[in-house]
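Protein chains: 2
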Amino acid sequence: MASCLAERLGDLIDLSGNERAALDKLEQRERTLRRGAVLLRENDKMSELFVLKRGTMMSYVILPDGSRQILRFLFRGDLIAMASLAYRSSPETVMALTECAVAPLERVSVADLTIEHPRLAALLIAVDQTERVALTDRLAGIGRATAKARVAALLITMRNRLRMLDATIGDTFTLGLTQEEIGDATGLTAVHVNRMLRQLEEDGLIAREGGRFTVLNEAGLARTGHHVERAAGLELGWLPDAR
Amino acid sequence: MASCLAERLGDLIDLSGNERAALDKLEQRERTLRRGAVLLRENDKMSELFVLKRGTMMSYVILPDGSRQILRFLFRGDLIAMASLAYRSSPETVMALTECAVAPLERVSVADLTIEHPRLAALLIAVDQTERVALTDRLAGIGRATAKARVAALLITMRNRLRMLDATIGDTFTLGLTQEEIGDATGLTAVHVNRMLRQLEEDGLIAREGGRFTVLNEAGLARTGHHVERAAGLELGWLPDAR
DNA sequence: CGAAGACTTGATGCCGATCAACAGGGGTGG
DNA sequence: CCACCCCTGTTGATCGGCATCAAGTCTTCG
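As they're listed, the protein sequences go chains D and G. Residue 90 in this note's numbering sits at position 99 of the first sequence, with consecutive numbering throughout. Residue 197 in this note's numbering sits at position 206 of the second sequence, with consecutive numbering throughout.
Written as structure tokens, this is what we have:
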């Protein structure tokens, strides 16, 4: 099977044969997870990282008062537990939202990669930046935007992300999240998420039926969510030559 | 003058002579900024990045309704505009909070670095992770914590950061932010920040006089702010050998 | 010395939280 | 196969934390 990581990075640049082979080698092992299974718990010791091969996952933290903040959703090709490259124990819990398969890899494999494939190391740095920007976008949304805007932003972002993995997805898609999960991602309660979804529906921006969403007015939804499409502005021309 | 970047990274690992020399070379040029000067504006084209050599800066975005979200504060040794490694135009505005000096460097210097010094590339990836975790900590705070907790968290975090740069700083320090800036960083209004500071004072956690803060009850303030000290859990043993 | 910015404090209002009740549905065990 | 139950979604009523508006003081700097 092809390397999911290679597939993901290959969307950004043309990988050389050597690079592709090096990435393939990282995903030899595989481990499956049932829906709801915890791959890594907050404060667990961690010594490896993972590539998500199938399914979707999320990472979150629990605050002292018991409330949950979902930090990010993870899709095929995403790296999980990159924090193990800096910290001894996990700053977040990682849980499967669907049946999943992950490929564990040692930190030392990343070290080898930086030596053998400097361009891939540089690319990892660049990918980190895209994820940092995604986080700051969410920070600004949660800090300053209204409830309706946050829910709209989540819908647009998730739709675009899902479409990157499956080009057949058009305006209709299955979100795969409960309203409580939407709330924990956006800093709202499930009850209020429900009302905001209804409002977006009444505004004619979306339609819903049984867990499936349809974007009726993409521009309007994007405007409501203060959405900025970052993918178009990518620029990786500075990367060194491939090996 | 010593390289600020080398100084910063040198706090994490022992740099080799070669590595130190490579880092020194990056900071040849220097550019100074007055208080309030904008180094980079949101959506500006960008082709270089910067090392902050003196002073403190902040980065922020402005939302469509005119409100501002401060994304991060920057200190000596921090890399600025790392997003230029992934994007064509800046996702955020970067402004000087005090008189500052920055060293501009080309993206291609980073490419060279990954080739010549794989360990430094790996270290950059690790540093990215620490900043990603700092962002997720703030995300959780803004999404789920009360106003008082957010202000307390900002005070603790800034105090610790300032102390890393200047070991003489004890429990008393100058924050160097207006209450409006505290509000824009925490997702609150200046008025409410004022009330929260008063409450923290009445709780006996801090004292204030003319822009200077004193931490009276460190454990209590940390608890109030749900603060997690990440620095203690660093683990960089996986890095490859130095060149 | 005047003006603009920062801080402070009170009064009021609203967005989203909380509490509560019920409907539908899918999985499980009897 | 059915009864039950837990999870999810839905809707209404009420509450509260933080925003907003307003007015005044203090500080700083030109």
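Ideal Cβ placement from N, Cα and C applies to all residues, glycine included. Since the structure is predicted, the reported quantities are computational estimates derived from the model, not experimental observations.
Among the options, nearest to residue i - alpha-carbon criterion
i              : options                           : result
residue 208(D) : 147(D), 29(D), 171(D) and 230(D)  : 147(D)
residue 171(G) : 58(G), 104(G) and -3(G)           : 58(G)
residue 110(G) : 224(G), 3(G) and 143(G)           : 3(G)
residue 126(G) : 158(D), 74(D), 67(D) and 98(D)    : 74(D)
residue 221(G) : -7(D), 21(D) and 33(D)            : 33(D)
residue 203(G) : 174(G), 210(G) and 167(G)         : 167(G)
residue 68(G)  : 77(G), 95(G), 54(G) and 78(G)     : 95(G)
residue -3(G)  : 226(G), 152(G) and 70(G)          : 70(G)
residue 1(D)   : 114(D), 36(D) and 19(D)           : 114(D)
residue 53(D)  : 226(G), 218(G) and 229(G)         : 218(G)
residue 225(D) : 185(D), 121(D) and 116(D)         : 121(D)
residue 229(G) : 87(D), 164(D), 97(D) and 201(D)   : 97(D)
residue 17(G)  : 99(G), 55(G) and 206(G)           : 99(G)
residue -1(D)  : 201(D), 35(D), 55(D) and 45(D)    : 45(D)
residue 19(G)  : 36(G), 38(G), -5(G) and 35(G)     : -5(G)
residue 210(G) : 187(G), 160(G), 191(G) and 169(G) : 191(G)
residue 201(G) : 160(G), 156(G), 227(G) and 169(G) : 169(G)
Residue range of the beta strand (DSSP E) that includes residue i
i              : result
residue 95(D)  : 91 to 97
residue 86(G)  : 84 to 87
residue 33(G)  : Run containing residue 33(G): none; DSSP gives neither H nor E here.
residue -1(G)  : Looking at the DSSP string, residue -1(G) is not in any beta strand (DSSP E); the run it does join, the alpha helix (DSSP H), is -5 to 1.
residue 198(D) : 197 to 200
residue 52(D)  : 48 to 53
residue 42(G)  : 39 to 45
residue 165(G) : 163 to 165
residue 203(G) : 203 to 206
Rounded distance between the beta-carbons of residue j and residue i, thought under 8 Å
i              : j              : result
residue 40(D)  : residue 65(D)  : The pair is not a contact, with the Cβ atoms about 12 Å apart (cut-off 8 Å).
residue 177(G) : residue 141(G) : 4 Å
residue -7(G)  : residue 231(D) : The pair is not a contact, with the Cβ atoms about 27 Å apart (cut-off 8 Å).
residue 234(D) : residue 7(D)   : 7 Å
residue 77(D)  : residue 117(G) : 4 Å
residue 112(G) : residue 112(D) : 4 Å
residue 183(D) : residue 138(D) : 6 Å
residue 165(D) : residue 205(D) : Not really, about 11 Å apart at Cβ, beyond 8 Å.
residue 104(D) : residue 130(G) : The Cβ separation is near 29 Å, so there is no contact.
residue 87(G)  : residue 153(G) : At roughly 17 Å, the Cβ-Cβ gap does not stay under 8 Å, so residue 87(G) and residue 153(G) are not in contact.
residue 119(D) : residue 35(G)  : With 8 Å as the limit, residue 119(D) and residue 35(G) do not qualify as a contact, their Cβ atoms being about 21 Å apart.
Residue i: first and last residue of the uninterrupted alpha helix (DSSP H) it sits in
i              : result
residue 177(G) : 170 to 177
residue 120(D) : 109 to 135
residue 67(G)  : Element bounds for residue 67(G): n/a, residue is neither H nor E.
residue 159(D) : From DSSP, residue 159(D) is part of no alpha helix (DSSP H); its letter is neither H nor E.
residue 24(G)  : Residue 24(G) -> not in any alpha helix (DSSP H); beta strand (DSSP E) instead, spanning 22 to 24.
residue 219(D) : Segment: none, residue 219(D) is in no alpha helix (DSSP H) and carries neither H nor E.
residue 215(G) : 209 to 215
residue 8(D)   : 8 to 17
residue 181(G) : 181 to 193
Check: residue i C-beta below 7 Å from any heavy atom of the ligand GTP
i              : result
residue 228(D) : Because no ligand of any kind appears in the structure shown, any question about the ligand GTP cannot be addressed here.
**Item:** At least 3 beta-carbon pairs within less than 8 Å: the stretch 177 to 197 of chain D vs the stretch 73 to 91 of chain D
**Value:** Judged by pairs of C-beta atoms under 8 Å, the stretch 177 to 197 of chain D does not touch the stretch 73 to 91 of chain D, as fewer than three such pairs exist.
**Contact set between the stretch 129 to 152 of chain D and chain G, restricted to residues whose Cβ is under 7 Å from the partner** = Those residues of the stretch 129 to 152 of chain D that come within reach of chain G (Cβ to Cβ, closer than 7 Å) are 129, 130, 131, 133, 134, 135 and 136.
**Message:** Beta carbons nearer than 9 Å to chain G: which residues of the stretch 55 to 83 of chain D have them?
**Reply:** The residues in question are 55, 56, 58, 59, 60, 61, 62, 63, 73, 74, 75, 76, 77, 78, 79, 80, 82 and 83.
**Message:** Please identify, using Cβ separations under 9 Å, the residues of the stretch 112 to 126 of chain D that lie next to chain G, in order along the chain.
**Reply:** Taken in chain order, the members of the stretch 112 to 126 of chain D whose beta-carbon sits within less than 9 Å of a beta-carbon on chain G are 112, 113, 115, 116, 117, 118, 119, 120, 121, 122, 123, 124 and 126.
**Message:** Under 8 Å, with one C-beta from each stretch per pair, do the stretch 91 to 107 of chain G and the stretch 206 to 222 of chain G reach the 3-pair mark?
**Reply:** They do not touch, by the three-pair rule.
**Request:** Determine contact between the stretch 26 to 38 of chain G and the stretch 138 to 146 of chain D, defined as no fewer than three beta-carbon pairs at a distance below 8 Å.
**Result:** Not touching, per the Cβ criterion.
**Asked** Given 8 Å as the limit, is there contact between the stretch 4 to 17 of chain G and the stretch 94 to 108 of chain G, that is, 3 or more CB pairs closer than that?
**Response** Pairwise C-beta distances place the stretch 4 to 17 of chain G in contact with the stretch 94 to 108 of chain G, as three or more of them are shorter than 8 Å.
**Prompt:** On the three-pair Cβ rule with 8 Å, is the stretch 128 to 137 of chain D touching the stretch 45 to 63 of chain G?
**Reply:** Touching, per the Cβ criterion.
**Message:** Contact between the stretch 114 to 125 of chain D and the stretch 40 to 50 of chain G is defined here as three or more beta-carbon pairs at a separation below 8 Å; is this criterion met?
**Reply:** Short answer: they don't touch.
**Request:** Output, in sequence order along the chain, the residues in the stretch 32 to 47 of chain D whose CB is closer than 7 Å to any CB in chain G.
**Result:** The stretch 32 to 47 of chain D vs chain G, Cβ under 7 Å: nothing.
**Interface residues of the stretch 87 to 99 of chain D facing chain G [CB-CB below 7 Å]** = Listed by position along the chain: 98 and 99.
**Contact residues within the stretch 158 to 186 of chain D, judged by C-beta distance below 8 Å to chain G** = Close to chain G, meaning a Cβ-Cβ distance shorter than 8 Å, are the following residues of the stretch 158 to 186 of chain D: 177 and 178.
**Request:** Determine which residues of the stretch 194 to 222 of chain G have a Cβ less than 9 Å from any Cβ of chain D, and write them out in chain order.
**Result:** From the stretch 194 to 222 of chain G, only 214, 217, 219 and 221 have a Cβ closer than 9 Å to chain D.
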